[in-house]
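Single-structure report; data block below.
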Amino acid sequence: MFRIEQKMEKGLGRAGVLETPHGSIRTPAFVTVGTKATVKALTPEQVKETGSQVVLANTYHLYLEPGEKIVEQGGGLGKFMGWEGPTMTDSGGFQVFSLGGGSVSKVQKKHSNILKNVGMSERDEALSPLVKIDEDGVTFKSYKDGSTHRFTPERSIEIQHAIGADIIFAFDECTSPTASYEYQKEAMERTHRWAARSLERHRELKIENAKLKNADKKLSANSHELAYSKGPMLFGIVQGGRFEDLRKESARFMAGLRIDGLAPSERSEFSGFGIGGSFDKEDMGSAVRWVNELLPEEKPRHLLGIGDPLDLFGAVENGCDLFDCVAPTRQARTGSLYTRHGRFNIENAKYKNDFSPVEQGCTCYTCKHFTRAYLAHLFRSNEILANTLASIHNVHFIVNLVKQMREGIITGTFSRLKEDFFASYKK
RNA sequence: GCGCCGGUCGGAUAGCGGCUAUUCCAGGAGACUGUAAAUCUCCGGCUUUCGGGCAUCGGUGGUUCGAGUCCACCCCGGCGCA
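If you count by the working numbering, then the first sequence holds residues 1 to 427, one letter each, in order.
Right, here's the structure in full:
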């Protein structure tokens, strides 16, 4: 299922291949985000042309609209959205944070003011308008109409099975970076209990599904195992915030979690791991290392929600295989474009008459056909093509940056790639 | 020439005697890390010792403790009548 092709000589980085029913993913890989079963502003064909191998959608959004049953009836996530490659769904755990009020980034720069307010966050979250957490699960108020909905680990897994992605995630609580140690620990332990429940429900659904298939096709007992082995891969999510002991505790827990069934084939454990929650910008790499040193080497690791170019280097060399992030697409739509010299805002006055491409030498469709002046015009006149062309460039940039890191690992030139990039990329 | 209506930031507007002149657009800049995001924030006259201070509603006078708001005249625009 996951095969390591090449390991870095020093560091935890590795290049591998993750097999899914919808094709293989060559890792490290950037996963393009398509929350509502669409990568905003892009057709699946355009997504493919950026080099994206896999798309991640969101359980909570699809549950609210159009409803997981519709996606299921539509043939599952990939077929429904017209994407032929591998797919993933996030569990909805991130919405515990993002709908939890406040406008705090989950990645914090050290010494930022927000960290000085430690202790307020539990209260903030408790008082938040859209989310309420208890031991059993989370009560959400729909961001669309204010109606109340409830997610438990079991429910999230059921919905994800219905949505039908190749890789799904355990239901977790993504905490705020302002959370105190005490709260972070409490939330992490709850996430561990939810992980066990996610895994158990996942196992049940796979058995049910296998029995259904067997009954249908009158297959032999032997093929029971075959059918059972299909179905989505479930990744557990390591939490623990920015605290080393919690991160390590969480990694050990997730790595060791397994549920025994009646038959050996019914034993269940995670197929891979997500690394979630909040980080300090400055030592994200080491936070990831704490975790990856403890996770089993032979399983893939997905660093959730990280996509800043500089962060990606640190994560790759510390053993992460997959990344997803809304930044390339969101920033594209707000006029912020990546180049190897840094990011710039195409709406700035100086680009009105700049007839060079977004990035010299870039091979993306946008750079091959259009100028900065044209994009600036599209953005200023609010034309929807602006979003498309900008998204094509940004996604292409990030996807190919990670692809270059993969090649760097294979050819032993990762360090030089990193040095060169850090030298030219201005934050 | 007479009558009516109107003149508030680059444009469009709110304001019917009292606090810091409203909002939208355009303009300038910034933010964005598992998407409540084609979103959000800030700026916009002069001056400052960075606490603030001083201006400002076509113009000039006036009434009033206090005027963008009321009055008079003037300037400009629109409409109507000659």
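Don't be surprised by glycine CBs; every beta carbon is placed ideally from N, CA and C.
- Task: Measure the CB-CB distance between Phe-169 and Thr-89 and report whether it falls below 8 Å.
- Result: Against the first sequence, residue 169 aligns to sequence position 169. Against the first sequence, residue 89 aligns to sequence position 89. Yes, they are a contact pair.
- Using the C-alpha atoms, what's the distance from Gly-100 back to Gln-331? Position 331 of the first sequence, counted from the first residue, corresponds to residue 331. Position 100 of the first sequence, counted from the first residue, corresponds to residue 100. Whole-angstrom Cα-Cα distance: 22 Å.
- Query: Apart from the five residues on each side of it in sequence, which residues of its chain come closer than 6 Å, Cβ to Cβ, to Thr-20?
  - Reply: Here the question's residue 20 lines up with position 20 in the first sequence. Answer for Thr-20: Pro-86, Asp-166, listed in chain order.
- Which listed residue (Glu-9, Lys-10, Met-8, Arg-14) has its alpha carbon closest to that of Glu-298: Against the first sequence, residue 298 aligns to sequence position 298. The option with the nearest alpha carbon to Glu-298 is Arg-14.
- Could you tell me if Tyr-181 is buried or exposed, where buried requires 16 or more neighbouring beta carbons within 10 angstroms of its beta carbon? Reading the first sequence from its first residue, position 181 is the one you call residue 181. It counts as exposed.
- Item | Helix, strand or coil at Asp-311 according to DSSP, with G and I counted as helix | On the first sequence, position 311 is the one that residue 311 refers to. Asp-311 carries a helical assignment under DSSP once its states are collapsed to helix, strand and coil.
- Query: For Cys-325, which of helix, strand or coil comes out of DSSP?
  - Reply: One-based indexing of the first sequence puts residue 325 at position 325. Of the three classes helix, strand and coil, the one that applies to Cys-325 here is strand, per DSSP.
- Taking the DSSP output, what are the residues bridged to His-61? Mapped onto the first sequence, residue 61 falls at position 61. His-61 is not bridged to any residue.
- What distance in whole Å lies between the Cβ atoms of Arg-26 and Gln-53, which are believed to be in contact at a cut-off of 8 Å? The residue given as residue 53 occupies position 53 in the first sequence. The residue given as residue 26 occupies position 26 in the first sequence. Correct: roughly 7 Å between the Cβ atoms.
- Task: Please go through the region 348-385 and give each complete beta strand (DSSP E) segment of 3 or more residues, from N-terminal end onward.
- Result: Every candidate beta strand (DSSP E) stretch fails here, since none sits fully inside the region 348-385 while reaching 3 residues.
- Spatially closest choice to Thr-43 from Leu-389, Asn-382, His-192, by CA coordinates: Reading the first sequence from its first residue, position 43 is the one you call residue 43. Looking at the Cα atoms, Leu-389 is the closest of the given residues.
- Tell me the DSSP bridge mates of Leu-23? Residue mapping note: residue 23 aligns to position 23 of the first sequence, counting from 1. Sequence inspection shows Gly at residue 23; the Leu mentioned does not correspond to that position. Beta-bridge analysis with DSSP links Gly-23 to Thr-20.
- C-beta contact flag for Gly-74 and Glu-173 at 8 Å: Residue numbering aside, residue 74 sits at position 74 when the first sequence is read from its first letter. Residue numbering aside, residue 173 sits at position 173 when the first sequence is read from its first letter. Not closer than 8 Å, so no.
- Message: Between which two residues does the beta strand (DSSP E) holding Lys-7 run?
- Response: Sequence index remark: in the first sequence, residue 7 carries index 7 (1-based). The continuous beta strand (DSSP E) containing Lys-7 extends over residues 2-7.
- Can you tell me the Cβ-Cβ gap for Val-17 and Ala-162, rounded? I've got them flagged as a contact below 8 Å. Residue numbering aside, residue 17 sits at position 17 when the first sequence is read from its first letter. Residue numbering aside, residue 162 sits at position 162 when the first sequence is read from its first letter. Taking the Cβ atoms as the reference, Val-17 lies roughly 28 Å from Ala-162, outside the contact range of under 8 Å.
- Message: Are the CB atoms of Pro-177 and Ser-336 within a distance shorter than 8 Å?
- Response: Position 336 of the first sequence, counting from 1, holds the residue named residue 336. Position 177 of the first sequence, counting from 1, holds the residue named residue 177. It is not a contact, given that the beta carbons lie outside the stated cut-off.
- Proximity to Gln-108 [Cα-Cα], best of Ala-195, Met-81, Ile-306, Tyr-60: Taking the first residue of the first sequence as 1, we reach residue 108 at position 108. When only C-alpha atoms are compared, the closest one is Ile-306.
- Work out the CA separation of Ala-263 and Glu-269 for me, nearest whole Å. In the first sequence, residue 269 corresponds to position 269, counting from 1. In the first sequence, residue 263 corresponds to position 263, counting from 1. Approximately 14 Å between the Cα atoms of the pair.
- Whole-angstrom C-beta distance between Gly-272 and Pro-232, which should lie under 8 Å: What you label residue 232 is simply residue 232 of the first sequence in a count that begins at 1. What you label residue 272 is simply residue 272 of the first sequence in a count that begins at 1. No, Pro-232 and Gly-272 are not in contact; Cβ-Cβ is about 11 Å, not under 8 Å.
- Message: Checking the sheet assignment: what are the DSSP bridge partners for Glu-269?
- Response: As a working note, residue 269 is residue 269 in the first sequence. Paired residue(s): Arg-258.
- CA-CA distance, Lys-141 and Leu-205? Taking the first sequence and counting its residues from 1, the one referred to as residue 141 is at position 141. Taking the first sequence and counting its residues from 1, the one referred to as residue 205 is at position 205. Their Cα atoms are separated by approximately 27 Å.
- Message: Using only the alpha-carbon positions, how far apart do Asp-245 and Val-291 sit?
- Response: Counting from 1 along the first sequence, the entry for residue 245 is found at position 245. Counting from 1 along the first sequence, the entry for residue 291 is found at position 291. Their backbone Cα atoms lie some 10 Å apart in a straight line.
- Message: Between which two residues does the beta strand (DSSP E) holding Asp-90 run?
- Response: Position 90 of the first sequence holds residue 90. Where Asp-90 is concerned, the enclosing beta strand (DSSP E) stretches over 87-90.
- Buried/exposed call for Arg-197, threshold 16 Cβ in 10 Å: For this step, residue 197 is matched to residue 197 along the first sequence. Buried: at least 16 other Cβ atoms inside 10 Å.
- Query: Ordered along the chain, which non-local residues of its own chain (more than five positions away) have a Cβ less than 6 Å from that of Asp-283?
  - Reply: As a working note, residue 283 is residue 283 in the first sequence. No residues qualify anywhere along the chain.
- Message: Is the separation between the beta-carbon of Lys-403 and that of Gly-51 shorter than 8 Å?
- Response: Here residue 403 refers to the residue found at position 403 when the first sequence is read from its first residue. Here residue 51 refers to the residue found at position 51 when the first sequence is read from its first residue. Cβ atoms of Lys-403 and Gly-51: closer than 8 Å.
- Message: Would the region 132-148 count as touching the region 340-348 if we require 3 or more Cβ pairs under 8 Å?
- Response: no
- CA-to-CA distance, Cys-320 to Phe-421, given in whole angstroms: In the first sequence, residue 421 corresponds to position 421, counting from 1. In the first sequence, residue 320 corresponds to position 320, counting from 1. For Phe-421 and Cys-320, the distance between alpha carbons rounds to 19 Å.
- Message: Just verifying my parser: in three-state terms, what is the DSSP assignment at Ile-441?
- Response: Only positions 1 to 427 of the chain appear in this structure, which leaves residue 441 out of reach.
- Would you kindly report the start and end of the unbroken beta strand (DSSP E) that includes Arg-242? Translated into the one-based positions of the first sequence, residue 242 becomes position 242. Here Arg-242 belongs to no beta strand (DSSP E), and DSSP marks it neither H nor E.
- Tell me where the alpha helix (DSSP H) around Ile-70 begins and ends. One-based indexing of the first sequence puts residue 70 at position 70. 68-73 is the extent of the alpha helix (DSSP H) around Ile-70.
- Express the C-alpha separation of Thr-175 and Leu-3 in angstroms, rounding to a whole number. On the first sequence, residue 3 is found 3 positions in, with the first residue counted as 1. On the first sequence, residue 175 is found 175 positions in, with the first residue counted as 1. The amino acid occupying residue 3 in the given sequence is Arg; Leu does not appear at that position. About 32 Å.
- Kindly indicate which three-state DSSP category Val-96 falls into: helix, strand or coil? Position 96 of the first sequence, counted from the first residue, corresponds to residue 96. In the structure shown, Val-96 sits in a helix (DSSP, three-state: H, G or I).
- Message: Can you list, in chain order, the residues of its chain with a C-beta nearer than 7 Å to that of Lys-426? Leave out the 5 residues immediately preceding and following it.
- Response: Here residue 426 refers to the residue found at position 426 of the first sequence. Closer than 7 Å at Cβ, skipping near neighbours: His-341, Gly-342.
- Kindly indicate which three-state DSSP category Leu-401 falls into: helix, strand or coil? Within the first sequence, numbered from 1, the residue matching residue 401 stands at position 401. In the structure shown, Leu-401 sits in a helix (DSSP, three-state: H, G or I).
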